[in-house]
Amino acid sequence: MSELEVPTPTPRTGLSGVIGRHPTAWLVSALAVVFLLLGTGAVFAGAAVGSASADPGVATAETPGAEAPAAADAGRSVPPALPAATRLRTCTVSGPASDPRLMSLKGYVMNAATGEVLFSREGDVPNRTGSVLKVLTAAAAVSALGPDYRLTTKVVDGTTPGTIVLVGGGDPTLSAGGGSVYTNAPSIADLASRARAAHDQAHPGVSITNVVLDASYWNPADKWDPIWKRSEQTIGYHSEVTALMVDGDRADPSRNTSPRSTDPVGRAGAAFVAALGIPGVTVSTGTAASGTVLAEVQSQPVSSLINFMLLTSDNTLAENLARVVSVKTGHGGSAASLQQAIPAALSGYGVPVDKLVIKDGSGLSEANGVPPEYVAKLMVKIAAGGQNLSAVYNSLPVAGKTGSLSARFTGPNAAARGNVIAKTGWIDTAYTLGGVVKAADGTTLTFAFYAIGDGIKDSARAALDTLTTGVFNCGDNLSNI
144 MSELEVPTPT PRTGLSGVIG RHPTAWLVSA LAVVFLLLGT GAVFAGAAVG
194 SASADPGVAT AETPGAEAPA AADAGRSVPP ALPAATRLRT CTVSGPASDP
244 RLMSLKGYVM NAATGEVLFS REGDVPNRTG SVLKVLTAAA AVSALGPDYR
294 LTTKVVDGTT PGTIVLVGGG DPTLSAGGGS VYTNAPSIAD LASRARAAHD
344 QAHPGVSITN VVLDASYWNP ADKWDPIWKR SEQTIGYHSE VTALMVDGDR
394 ADPSRNTSPR STDPVGRAGA AFVAALGIPG VTVSTGTAAS GTVLAEVQSQ
444 PVSSLINFML LTSDNTLAEN LARVVSVKTG HGGSAASLQQ AIPAALSGYG
494 VPVDKLVIKD GSGLSEANGV PPEYVAKLMV KIAAGGQNLS AVYNSLPVAG
544 KTGSLSARFT GPNAAARGNV IAKTGWIDTA YTLGGVVKAA DGTTLTFAFY
594 AIGDGIKDSA RAALDTLTTG VFNCGDNLSN I
């Protein structure tokens, strides 16, 4: 065949022949199929992105570490990543969240299983918590001390004949007798009788003539936050924070709310000397040397202490536990040290702590600052119960059943009774509630609501209950509107 001859093409058969005879039509059809497949892929991609998290092993154009486009694609623009698909939620609590009784509402609600944020009103902004802060104190105590740790009060031999030293270990439940709000509290009478017997055995013929009171477990002068109102003390909600006291320094040890004194250490010393039964004993304050331990008594375990603290919102227990956490973690026990001690103890749970402002252990200070988001995220861990946090969860009040929630969630809000497990809070400028909701649709949610404002009324409690019941009814269909 010469160079000028054009060969006659051999006729093609089958699919290739059809494509050859109608190339344009087949090209259009192929492009349509590709477009359809890409669109379908986008739909499935959207469904995948709408889950709790995208596959961390898949690199995208915006993923750090993703490979650069090939040289042939260098001149092409890269389309932006597809937006994450989200579920359309239709249930709202905007009405109860706007209740004027709540004044300025700060709040946060999340799905405990997926981590999705369902509702937020300045949820990332630190604010005063009231007694909801006690949940942080309880979790810190479980972390730093352990649920089985016990607070110890002891008597040691003095450095001079006839002298013994009563040493406080931060236990406010030590009982002077006559009944106690604290179940199975250690008895100062038992401590005194054991100490006297041990002294008589160690020093035959030497009488006890001097008792020294040692409250130096933390600085005994560091006992009252100037922001706290002294009415909390005189009415009987709160004592001064000392490492040595009896009955939470209550005038009536059998009542939760009972006036407290201005000298808890002196009151404890008087009760101890009376229990010794030795006339003419002199009493002074000081610090024990490393003398022989004559006797000691211990509190109930921390798990029991936080149970009482959370159910009844015991301020004195909260403050003393916070100080013991500080001492045991090497922060010294001062009020100022709580800013380091409490976040450090909480950080082991993998929750955020960077925005925490901790001024006390009870939540009485208006200068405390905790974002509602942080409470909700800690509650996820508490609800799961790991790292001994079941001791905290099992101590939270239950709506309509136990503790400070036993008489709440009434009327239309009774639907949520038994399904809201939460800590209440109240100071003059805030009513608060934070915990876990077992929603009507079976979803576990965690939340924190702060109703804040000067002159806020106790009717805010009912408004908080209504808002929380709304969350219970919405469940995972809760919309952030």
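In terms of the working numbering, the sequence shown opens at residue 144 and continues consecutively. For every residue, glycine included, the Cβ atom is placed at its ideal position computed from N, Cα and C. The structure presented is a predicted model; accordingly, all values stated were derived computationally and were not measured.
Item to check | As assigned by DSSP and simplified to three states, the class of THR458 | outcome: Indexing the sequence shown from 1 puts residue 458 at position 315. Per the sequence shown, residue 458 should be read as Asn rather than Thr. ASN458 falls in the helix class under three-state DSSP.
Next on the checklist: Alpha carbons only, please: which of GLY312, THR572 and ALA432 is nearest the one belonging to GLY273?
Outcome noted: Reading the sequence shown from its first residue, position 130 is the one you call residue 273. In terms of Cα proximity to GLY273, the closest of GLY312, THR572 and ALA432 is THR572.
Next on the checklist: Judging by CA-CA distance, which residue of GLU259, LEU460, ASP242 and ARG339 is the nearest neighbour of GLY391?
Outcome noted: Numbered from 1 along the sequence shown, position 248 holds the residue referred to as residue 391. When only C-alpha atoms are compared, the closest one is LEU460.
Item to check | Contacts around VAL535, its chain only, beta-carbon distance under 8 Å, and the 5 residues preceding and following it disregarded | outcome: Taking the sequence shown and counting its residues from 1, one reaches residue 535 at position 392. These residues qualify, in order along the chain: VAL278, ALA281, ALA282, VAL285, ILE449, LEU453 and ILE525.
Checklist entry - Given SER323, which residues of its chain have a CB within under 8 Å of its CB, disregarding the five upstream and five downstream residues? => result Translated into the one-based positions of the sequence shown, residue 323 becomes position 180. Taken in chain order, the residues that qualify are THR316, ASP390, PRO396 and SER397.
Checklist entry - Anyone know if the C-beta pair for ASP584 and ASP608 falls short of 9 Å? => result Taking the sequence shown and counting its residues from 1, the one referred to as residue 584 is at position 441. Taking the sequence shown and counting its residues from 1, the one referred to as residue 608 is at position 465. No, the pair does not count as a contact, with Cβ atoms beyond the cut-off.
Checklist entry - How about the segment 507 to 514 and the segment 465 to 474: do they share at least three Cβ pairs that are nearer than 8 Å? => result The segment 507 to 514 is not in contact with the segment 465 to 474.
Item to check | Boundaries of the alpha helix (DSSP H) in which TYR517 is found, first to last residue | outcome: To locate residue 517, count along the sequence shown from 1; it is residue 374. Run containing TYR517: 515 to 527, per the alpha helix (DSSP H) assignment.
Item to check | Test item: CB-CB of LEU334 and VAL298 under 9 Å | outcome: Taking the sequence shown and counting its residues from 1, the one referred to as residue 334 is at position 191. Taking the sequence shown and counting its residues from 1, the one referred to as residue 298 is at position 155. Yes, Cβ-Cβ distance for LEU334 and VAL298 is below 9 Å.
Checklist entry - Residue range of the alpha helix (DSSP H) that ASN353 falls in? => result Walking along the sequence shown from the start, residue 353 turns up at place 210. Residue range 353 to 357 is occupied by the beta strand (DSSP E) that includes ASN353, with no alpha helix (DSSP H) assigned at that position.
Checklist entry - Do the CB positions of PRO444 and TYR292 come within less than 9 Å of each other? => result For the purposes of this step, residue 444 is taken as the residue at position 301 of the sequence shown. For the purposes of this step, residue 292 is taken as the residue at position 149 of the sequence shown. In this structure, the beta-carbon distance from PRO444 to TYR292 falls below 9 Å.
Next on the checklist: Considering Cα atoms alone, identify which of THR233, GLY568 and ALA559 is closest to ALA603.
Outcome noted: Here residue 603 is taken as the residue at index 460 of the sequence shown, counted from 1. Residue GLY568 is the option with its Cα nearest to ALA603.
Next on the checklist: If I measure Cβ to Cβ from ASP556 and keep anything under 7 Å in the same chain, skipping five residues before and after, which residues do I get?
Outcome noted: Walking along the sequence shown from the start, residue 556 turns up at place 413. Note that residue 556 is Asn in the sequence shown here, rather than Asp. Residues of the same chain with a CB within less than 7 Å of the CB of ASN556, apart from the 5 flanking positions on each side, are ASP608, THR609 and THR612 in chain order.
Checklist entry - Which of the three DSSP states, helix, strand or coil, is assigned to ALA202? => result For this step, residue 202 is matched to residue 59 along the sequence shown. Interpretation of ALA202 is limited by its pLDDT of 30, a score under 50 that renders its predicted location unreliable; no figure is taken from the coordinates.
Checklist entry - If you draw a straight line from the alpha carbon of ILE378 to that of GLY420, how long is it in whole angstroms? => result Position 235 of the sequence shown, counted from the first residue, corresponds to residue 378. Position 277 of the sequence shown, counted from the first residue, corresponds to residue 420. If you take the alpha carbons of ILE378 and GLY420, they lie about 32 Å apart.
Checklist entry - CB-CB under 6 Å to ARG337, same chain, minus the five flanking residues each way: which ones, in chain order? => result Taking the first residue of the sequence shown as position 1, residue 337 is located at position 194. Taking C-beta separations shorter than 6 Å and ignoring five residues to either side along the sequence, the partners of ARG337 in its chain run ALA438, following chain order.
Item to check | Coil, strand or helix - GLU439 by DSSP | outcome: Locating residue 439 in the sequence shown gives position 296, counting from the first residue. If DSSP states are grouped into helix, strand and coil, GLU439 belongs with the strands.
Checklist entry - Apart from the five residues on each side of it in sequence, which residues of its chain come closer than 6 Å, Cβ to Cβ, to GLY504? => result Mapped onto the sequence shown, residue 504 falls at position 361. Excluding the 5 residues flanking it on each side, GLY504 has same chain C-beta neighbours closer than 6 Å at THR280, ALA461, GLU462 and ALA465, in chain order.
Item to check | Nearest candidate by alpha-carbon position, reference LEU521, set GLY250, GLY543, VAL496 and LYS502 | outcome: Numbered from its first residue, the sequence shown carries residue 521 at position 378. If you compare the alpha carbons of GLY250, GLY543, VAL496 and LYS502 with that of LEU521, the shortest gap goes to VAL496.
Item to check | Simplified DSSP state of ILE370, which is helix, strand or coil | outcome: Counted from its first residue, the sequence shown places residue 370 at position 227. Here DSSP, grouped into helix, strand and coil, assigns ILE370 to coil.
Checklist entry - Using CA coordinates, which residue listed in ARG244, MET246 and ASN254 is at the minimum distance from VAL614? => result Here the question's residue 614 lines up with position 471 in the sequence shown. Ranked by how close their Cα comes to the Cα of VAL614, the residues ARG244, MET246 and ASN254 have ASN254 in first place.
Checklist entry - How about SER382: is its Cβ closer than 8 Å to a heavy atom in the ligand MN? => result You won't find the ligand MN in this model; it holds no ligand whatsoever.
Checklist entry - Nearest to ASP357 by alpha carbon, out of PHE415, TRP367, ILE624 and THR326? => result Working through the sequence shown from its first residue, we reach residue 357 at position 214. Relative to the Cα of ASP357, the nearest Cα in the group PHE415, TRP367, ILE624 and THR326 belongs to PHE415.
Checklist entry - Using the beta-carbon count (16 or more within 10 Å), is ASP597 buried or exposed? => result Working through the sequence shown from its first residue, we reach residue 597 at position 454. ASP597 comes out exposed.
Checklist entry - Apart from the five residues just before and just after THR306, which ones in its own chain have a Cβ nearer than 7 Å to its Cβ? => result To locate residue 306, count along the sequence shown from 1; it is residue 163. Once the five neighbours on either side are set aside, the close Cβ partners of THR306 are ASN353 and VAL355.
Next on the checklist: Please classify PRO407 as buried or exposed, where buried requires at least 16 other C-beta atoms within 10 Å of its C-beta.
Outcome noted: Position 264 of the sequence shown, counted from the first residue, corresponds to residue 407. PRO407 comes out buried.
Next on the checklist: Rounded to whole angstroms, what is the Cα-Cα separation between TYR380 and SER456?
Outcome noted: Residue numbering aside, residue 380 sits at position 237 when the sequence shown is read from its first letter. Residue numbering aside, residue 456 sits at position 313 when the sequence shown is read from its first letter. Straight-line measurement puts the Cα of SER456 at about 9 Å from the Cα of TYR380.
Next on the checklist: With a threshold of 8 Å, are at least 3 pairs of Cβ atoms found where one atom belongs to the segment 261 to 273 and the other to the segment 532 to 550?
Outcome noted: Contact annotation: the segment 261 to 273 does not touch the segment 532 to 550, with fewer than three C-beta pairs closer than 8 Å.
Checklist entry - Going by Cα to Cα distance, which pick from LYS544, THR553 and GLY238 is closest to ALA565? => result In the sequence shown, the residue the question calls residue 565 occupies position 422. Out of LYS544, THR553 and GLY238, the CA that lies nearest to the CA of ALA565 is found in LYS544.
Checklist entry - Which residue from VAL580, PRO402 and LEU245 puts its Cα closest to that of GLY561? => result Looking up residue 561 in the sequence shown gives position 418. It is VAL580.
Item to check | Backbone CA spacing between ALA605 and THR302 [nearest angstrom] | outcome: As a working note, residue 605 is residue 462 in the sequence shown. As a working note, residue 302 is residue 159 in the sequence shown. Looking at the two C-alpha atoms, the distance is approximately 59 Å.
Next on the checklist: To the nearest angstrom, how far is the alpha carbon of THR587 from that of ILE501?
Outcome noted: In the sequence shown, the residue the question calls residue 587 occupies position 444. In the sequence shown, the residue the question calls residue 501 occupies position 358. Cα-Cα distance, rounded: 28 Å.
Next on the checklist: Are the CB atoms of ALA484 and GLY577 within a distance shorter than 9 Å?
Outcome noted: The count along the sequence shown starts at 1 and reaches residue 577 at position 434. The count along the sequence shown starts at 1 and reaches residue 484 at position 341. In this structure, GLY577 sits away from ALA484, with a CB-CB distance that is not shorter than 9 Å.
Checklist entry - Is it right to say LYS600 is buried, meaning 16 or more other beta carbons lie within 10 angstroms of its own, or is it exposed? => result Against the sequence shown, residue 600 aligns to sequence position 457. Under a 10 Å Cβ-count criterion, LYS600 is classified as exposed, with fewer than 16 other Cβ atoms of the shown protein chains found around its own Cβ.
Checklist entry - How would you label PRO422, buried or exposed, when you count the other beta carbons within 10 angstroms and need 16 or more for buried? => result Residue numbering aside, residue 422 sits at position 279 when the sequence shown is read from its first letter. Here PRO422 is exposed. Its C-beta has fewer than 16 other C-beta atoms within 10 Å.
Item to check | Cβ-Cβ distance between ARG244 and ALA558 below 9 Å | outcome: Along the sequence shown, read from residue 1 onward, the residue named residue 244 stands at position 101. Along the sequence shown, read from residue 1 onward, the residue named residue 558 stands at position 415. No; because the gap between Cβ atoms is not below 9 Å, this pair is not in contact.
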